[in-house]
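Encoded as structure tokens, the structure appears first; notes follow it.
Numbering (the numbering used here), first residue to last: 39 to 409.
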């Protein structure tokens, strides 16, 4: 009898718990700053901490952490297009595909849905704007190599603020038609910038900064603190537009694009520089969240590149210091799970191990744009 009574109590508790979850209110989230370190794995973050002598990084400020699986629908090791599509739309797809399912169904990104629902939107990258990760947030193509179509899709996207490279790619897309892409962008209401210094003179409105023919320079070539400054400027513009146009809030994607490039090259010094650069941009975003309490900062990766490992130099751990080494397993991508760092409003709602596509769905639910 006692066992039966206990079983009834446990069943009742389970039912009440399930019902409570159904009726539980989501926290108020007005703004999402979605930060993607292209090619960034846990060892990349560990390297940043180690080489900084364990001084606090922006990653250490996280209120919550999770893990995501990155495989695509046709490959255990994803590329940036499939991973970007999953993170942007909530749908997994084949490698090379952007904004579409494997059978060709068009799927909308969190940025596209947010824009339709009355949010301002933005992109800040260190690559060209038509590259796989940023394109996953607005384009719909079977192949990431369809650069002309991706450029046309940007024109249709309505994204409010976009900073990156890609002048030559826009020119190529419109050359055959005899149309001037700058005139077309202006006709869409954009202020078009070509020099990073011009960002200082813009405080609101639709803006596109095309600061390079294709990718922005590397840090060695003198890119400087562009990513942190562009992130800060985009946040300033989006905040002004939200207030002026009475938008619900904003969704912005920021990519540390060239972490991946340096990782493919197994360039340890370059990887560390790119990680420090991305960390500086994350600090800008987290500081913004501190000043704007209904903001969620999400820091993740699309995949890991290089198979970075940090082994000990010795097997005798009775010694006070064994030393470490950095070693590479590949010059390609890997299939490992990826860390997600969450900071600000709603950070407590995303946790555990999930698909990369599930992360996007969870974010869409927080700003109430999920279908």
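The C-beta atom is built at its ideal place from N, Cα and C for all residues, glycine as well.
Just so you know, these numbers come straight off a predicted model, no measurement behind them.
Residue i classed as buried or exposed, judged by whether at least 16 other C-beta atoms fall within 10 angstroms
i, result
"residue 94", "exposed"
"residue 129", "buried"
"residue 59", "In this prediction, residue 59 has a pLDDT of 47, which is less than 50 and means its spatial position is unreliable; what the coordinates show is noted afterwards. Counting Cβ neighbours within 10 Å, residue 59 comes out exposed, since fewer than 16 surround it."
"residue 281", "exposed"
"residue 394", "buried"
"residue 377", "buried"
"residue 331", "exposed"
"residue 360", "exposed"
"residue 69", "buried"
"residue 92", "exposed"
"residue 353", "exposed"
"residue 390", "exposed"
"residue 152", "buried"
"residue 259", "exposed"
"residue 65", "exposed"
"residue 261", "buried"
"residue 356", "exposed"
"residue 348", "exposed"
"residue 351", "exposed"
"residue 114", "exposed"
"residue 386", "exposed"
"residue 126", "buried"
"residue 409", "exposed"
"residue 208", "buried"
"residue 244", "buried"
"residue 76", "buried"
"residue 216", "exposed"
"residue 251", "exposed"
"residue 233", "exposed"
Delimiting residues of the beta strand (DSSP E) encompassing residue i
i, result
"residue 172", "Element bounds for residue 172: not the beta strand (DSSP E) but the alpha helix (DSSP H), 170-173."
"residue 230", "229-231"
"residue 380", "376-382"
"residue 131", "Counting along the chain, residue 131 falls outside any beta strand (DSSP E), and DSSP gives it neither H nor E."
"residue 69", "69-75"
"residue 102", "102-107"
"residue 166", "158-166"
Helix, strand or coil at residue i [DSSP, three-state]
i, result
"residue 82", "helix"
"residue 97", "helix"
"residue 152", "helix"
"residue 137", "coil"
"residue 348", "coil"
"residue 408", "coil"
First through last residue of the alpha helix (DSSP H) which encompasses residue i
i, result
"residue 389", "Run containing residue 389: none; DSSP gives neither H nor E here."
"residue 125", "118-127"
"residue 397", "394-404"
Integer Cβ distance of residue i from residue j, believed to fall under 8 Å
i, j, result
"residue 384", "residue 285", "The pair is not a contact, with the Cβ atoms about 19 Å apart (cut-off 8 Å)."
"residue 265", "residue 294", "7 Å"
"residue 292", "residue 162", "5 Å"
"residue 374", "residue 396", "That belief does not hold up - the Cβ atoms of residue 374 and residue 396 are roughly 17 Å apart, past 8 Å."
"residue 176", "residue 189", "The Cβ separation is near 11 Å, so there is no contact."
"residue 290", "residue 276", "6 Å"
"residue 327", "residue 335", "5 Å"
"residue 118", "residue 170", "4 Å"
"residue 371", "residue 116", "7 Å"
"residue 73", "residue 337", "5 Å"
"residue 137", "residue 168", "About 13 Å; that fails the 8 Å criterion."
"residue 211", "residue 246", "Not quite, the Cβ-Cβ distance comes to about 14 Å (not below 8 Å), so this is no contact."
"residue 148", "residue 398", "6 Å"
"residue 340", "residue 121", "4 Å"
"residue 110", "residue 133", "5 Å"
"residue 193", "residue 231", "No, residue 193 and residue 231 are not in contact; Cβ-Cβ is about 17 Å, not under 8 Å."
"residue 142", "residue 166", "Not really, about 25 Å apart at Cβ, beyond 8 Å."
"residue 78", "residue 297", "5 Å"
"residue 104", "residue 388", "6 Å"
Beta carbon proximity, residue i to chain D, threshold 8 Å
i, result
"residue 207", "Among the protein chains of the structure shown there is no chain D, as only one such chain exists."
Residue i beta carbon near the ligand MN (any heavy atom closer than 7 Å)
i, result
"residue 84", "Here there are no bound small molecules, and the ligand MN is not part of this structure."
field: Runs of alpha helix (DSSP H) lying entirely within the region 253-341, each at least 4 residues, in chain order
entry: 264-283, 296-302, 306-329
- request: Let me know the alpha helix (DSSP H) ranges lying completely inside the region 173-248, each 4 residues or longer, listed in chain order.
  value: 185-195, 205-213, 219-225
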